[in-house]
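Each residue of the sequence shown is one higher than the last, beginning at -17 in our numbering. Cβ coordinates follow ideal geometry from the N, Cα and C atoms, glycine included. Structure record follows, encoded as structure tokens.
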Amino acid sequence: MKRTPTLPRLLRHRLLALALAVCGTTATWAHGDMVPQAVDTSSLPQLGEKWLESNPYDKASPARKEALRIGSSAYNQNCARCHGLEALSGGIAPDLRKFDEDCSGLADAAKKAACFKEMDDFYVGTVRRGRTRDGRVYMPPFEGTLTQEAIWSIRSYLEDRRDSTK
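This is the structure in structure tokens:
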């Protein structure tokens, strides 16, 4: 014998569906908007007001180890929500370990250096000003929240993550 749904039973099912929908929506809202977090860079050499054109915390820098420590923390506080923990993208935003991958494969040293410089320019510009397309914010601007030292530390961390996946 087939049961005919009664009004109380239908009402219970609809209320359950509504409750599940509200819970799912609340969980999504709980994630909230990404609010940039300031980073303490006082243990790094201070770079001044004028933005540098290339990463001062490269592999030859005596401050590299400290920049990597700060960059890891700064990345996880400010970038991981979209770009993935430890820079392993889940597909929502670009995989930053592969950011300048094309430059690494260039054989000509001058072209390789120019490519890395162009990537540094793009990186700093994007992090400072964010990315907006058609009025939608795809990445918030970090200028005014993250210092030059913090932004270059994150770049060092990403370079280190890139190199560790080879």
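Item to check | Distance, PHE104 Cα to LEU88 Cα | outcome: Here residue 88 is taken as the residue at index 106 of the sequence shown, counted from 1. Here residue 104 is taken as the residue at index 122 of the sequence shown, counted from 1. A straight-line Cα-Cα distance of about 18 Å links LEU88 and PHE104.
Checklist entry - How far does the beta strand (DSSP E) with TYR105 in it reach, from first residue to last? => result In the sequence shown, the residue the question calls residue 105 occupies position 123. For TYR105, there is no enclosing beta strand (DSSP E); the enclosing alpha helix (DSSP H) covers residues 91 to 111.
Checklist entry - Would you say PRO18 and ALA45 are within 8 Å of each other, going by their C-beta atoms? => result Here residue 18 refers to the residue found at position 36 of the sequence shown. Here residue 45 refers to the residue found at position 63 of the sequence shown. No. Outside cutoff.
Item to check | Terminal residues of the alpha helix (DSSP H) in which TYR120 lies | outcome: Within the sequence shown, residue 120 is the residue found at index 138, counting from 1. It is not in any alpha helix (DSSP H) - TYR120 instead sits in the beta strand (DSSP E) that spans 118 to 121.
Next on the checklist: For the alpha helix (DSSP H) containing GLY53, name the first residue and the last one.
Outcome noted: Residue mapping note: residue 53 aligns to position 71 of the sequence shown, counting from 1. Taken as a continuous stretch (DSSP letters only), the alpha helix (DSSP H) holding GLY53 covers 46 to 60.
Next on the checklist: When you compare the segment 81 to 98 with the segment 108 to 118, are there three or more beta-carbon pairs, one atom per stretch, that lie closer than 8 Å?
Outcome noted: Proximity of the segment 81 to 98 to the segment 108 to 118 falls short of the contact definition, fewer than three beta-carbon pairs being nearer than 8 Å.
Checklist entry - So, do the segment 33 to 52 and the segment 71 to 88 have three or more beta carbon pairs nearer to each other than 8 Å? => result These segments do not touch.
Checklist entry - With ARG53 and ILE136 assumed to form a contact (beta carbons below 8 Å), what rounded beta-carbon distance in angstroms separates them? => result The residue you call residue 53 lines up with position 71 of the sequence shown. The residue you call residue 136 lines up with position 154 of the sequence shown. The amino acid occupying residue 53 in the given sequence is Gly; Arg does not appear at that position. Yes, they are in contact, since the Cβ atoms of GLY53 and ILE136 sit about 5 Å apart, within 8 Å.
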